[in-house]
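Just below is one structure, and these are the notes that go with it.
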Amino acid sequence: MDISIRKANKSDYEPSLCLFRQVHELHVSERPDLYKENSTPVSQEFFENQLNDVKQHIFVATIGNEIVGVIVMKEEEITENSFVKARKVLFINSLCIAEAQRKKGIGKTLMKYVFDFGRSLKVDSIELGVSEKNPDSIEFYESIGMTTKSRKMEIILN
Numbered sequence: 001m002d003i004s005i006r007k008a009n010k011s012d013y014e015p016s017l018c019l020f021r022q023v024h025e026l027h028v029s030e031r032p033d034l035y036k037e038n039s040t041p042v043s044q045e046f047f048e049n050q051l052n053d054v055k056q057h058i059f060v061a062t063i064g065n066e067i068v069g070v071i072v073m074k075e076e077e078i079t080e081n082s083f084v085k086a087r088k089v090l091f092i093n094s095l096c097i098a099e100a101q102r103k104k105g106i107g108k109t110l111m112k113y114v115f116d117f118g119r120s121l122k123v124d125s126i127e128l129g130v131s132e133k134n135p136d137s138i139e140f141y142e143s144i145g146m147t148t149k150s151r152k153m154e155i156i157l158n
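Sequential numbering of the sequence shown, starting at 1, is according to UniProt numbering.
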């Protein structure tokens, strides 16, 4: 299986939308109090705006001509102040591997590419958020060397 990684382009919207739906449906099923059902969780306009933003990056993983994975990232600058140091972070907003293609090394290949890309940008770290209710993703991220930095907690009042 020959996995290729490349920068996304406008024509990747439709095949990527299928993957964005998979992520969104997981979020809706885990937290219907936060996420709305929506068959178009990412509009074409929003996708193209991300492609045109120099601080945002979308890569797709392909096998042949089929898009089997997508990752969306944004560079963020943390400004130094009296209690934190300045740093540059590459934040992963979304990662999805096609359900039928999981556990085949595509995610690891894509993340290795992203780690190398982050190094080329000279970022201090690559970070992401992952739901506590998604143990498969947590296990995946730990398997590639990522560690828990912090935990968000909540109490739902209504």
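Glycine residues also receive a C-beta, built at the ideal position from the N, C-alpha and C atoms.
Nearest-angstrom Cα separation, counted from residue j out to residue i
| i | j | result |
| --- | --- | --- |
| ALA98 | ALA86 | 36 Å |
| LYS104 | VAL68 | 11 Å |
| PRO41 | ASP33 | 16 Å |
| SER39 | HIS24 | 9 Å |
| GLU127 | ILE78 | 13 Å |
| ASP53 | LYS74 | 9 Å |
| SER131 | ILE138 | 8 Å |
| SER94 | SER82 | 31 Å |
| MET111 | ILE144 | 8 Å |
| LYS10 | LYS55 | 17 Å |
| ARG31 | CYS18 | 20 Å |
| LEU121 | THR147 | 21 Å |
| PRO15 | LEU26 | 18 Å |
| ASP136 | SER29 | 15 Å |
| ARG6 | LYS133 | 30 Å |
| PHE46 | GLU37 | 18 Å |
Residue i, DSSP secondary structure in three states
| i | result |
| --- | --- |
| ARG151 | coil |
| VAL28 | helix |
| PHE59 | strand |
| MET1 | coil |
| LYS7 | strand |
| VAL84 | coil |
| GLU76 | strand |
| ILE138 | helix |
For residue i, the first and last residue of its enclosing alpha helix (DSSP H)
| i | result |
| --- | --- |
| residue 171 | No information on residue 171 is available, as it lies outside the stretch 1 to 158 that the chain covers here. |
| GLU80 | Premise fails: GLU80 is in no alpha helix (DSSP H) and is neither H nor E. |
| ARG119 | 106 to 121 |
| GLU132 | Premise fails: GLU132 is in no alpha helix (DSSP H) and is neither H nor E. |
Residue i, enclosing beta strand (DSSP E) - first and last residue
| i | result |
| --- | --- |
| LYS88 | 87 to 97 |
| LEU128 | 125 to 128 |
Supposed contact pair residue j and residue i - C-beta distance, whole angstroms, cut 8 Å
| i | j | result |
| --- | --- | --- |
| VAL123 | VAL70 | Incorrect: roughly 20 Å between the Cβ atoms, too far for contact. |
| PHE59 | ALA8 | 6 Å |
| GLY107 | PHE140 | 6 Å |
| ILE3 | ILE92 | With a Cβ gap of about 18 Å, ILE3 and ILE92 do not count as contacting. |
| CYS96 | GLN22 | 5 Å |
| VAL84 | GLN50 | Between GLN50 and VAL84 the Cβ distance is about 27 Å, and since that is not below 8 Å, they are no contact. |
Within-8 Å CB hit, residue i to chain C
| i | result |
| --- | --- |
| PHE59 | Although the question refers to chain C, the structure presented lacks it and comprises just one protein chain. |
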